[in-house]
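Trainee: Quick note on numbering: the sequence shown equals residues -17 to -1, 1 to 130 in mature numbering (1 follows the signal peptide of the UniProt record, and there is no 0).
Note that the Cβ used here is the ideal one computed from N, Cα and C, for glycine as well.
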Amino acid sequence: MKLLITALMILNLSAFAHEGGHGSLTEGGKFGGITSPIVDKAEAGKGDHAKVLFKAELVRAASGKLSLYLFDNKMNLMDLAAFGNEVEAKLEAKKKGKFTYFGDFKFKKAGNHYEAQLPQVEYKPFNIDLFLTKGTQKLFVGFSNLD
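What follows is the structure, encoded as C-alpha cells:
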C-alpha cells in the first residue's frame, strides 16, 4: 500500500511540471489568443534577457485565419499607424525531432490588427517567427510550439 501511495505521489508531481521558454510574459491575451514579447530584432538571440518593447497576441480561428494584435507594456491596444503595412512570417515545423523551415507568409493590416491565413501545416508542433517594423526599427516576435 505504501508503494502504491508513493507511486501516485510521484506521478502526481509530474502533472504540475512545466517547460520554460515562453518568454517573460505571464498575462493571457485579450482576444483569446497567446501572448509573446516583441523585442528589437538585434536582441532576438538573447531570449528572456531581451528588452520587451511591446507585446503581441496571436489569435487563431478554426478556419486557419490568424489575427495579430499589438499592445504596449500595459496591455493597451496600440495604433498601427507607425507600424509597417505587412508583417513577414516564417513557419517552422517539427519533423523527425528537429524544427525545419517550411516557408513564408505575410500578415496585412486590417483595422486595429493584422490578418493572415495560416498555410497548411503537416507536422506539429510548429513555430511562427514574425518580423515587423515600426518606423526604421526592426522588431521580432516568436510564437513557439503551436499546434
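(1) Within this structure, are the beta carbons of A82 and P102 separated by less than 7 Å?
(2) Within 10 Å of its beta-carbon, does residue 152 have 16 or more other beta-carbons around it, so buried, or fewer, so exposed?
(3) I need the boundaries of the beta strand (DSSP E) containing L101, first residue and last residue.
(4) Between V42 and G16, is the Cβ-Cβ spacing less than 7 Å?
(5) Kindly indicate which three-state DSSP category G86 falls into: helix, strand or coil?
Mentor: Working from what's here:
(1) Just to set this straight, residue 82 is Phe in the shown sequence, not Ala. Going by C-beta atoms, F82 is not nearer than 7 Å to P102.
(2) Look at the range of the chain in this structure, -17 to 130, and you will see that residue 152 is not part of it.
(3) From DSSP, L101 is part of no beta strand (DSSP E); its letter is neither H nor E.
(4) yes
(5) strand
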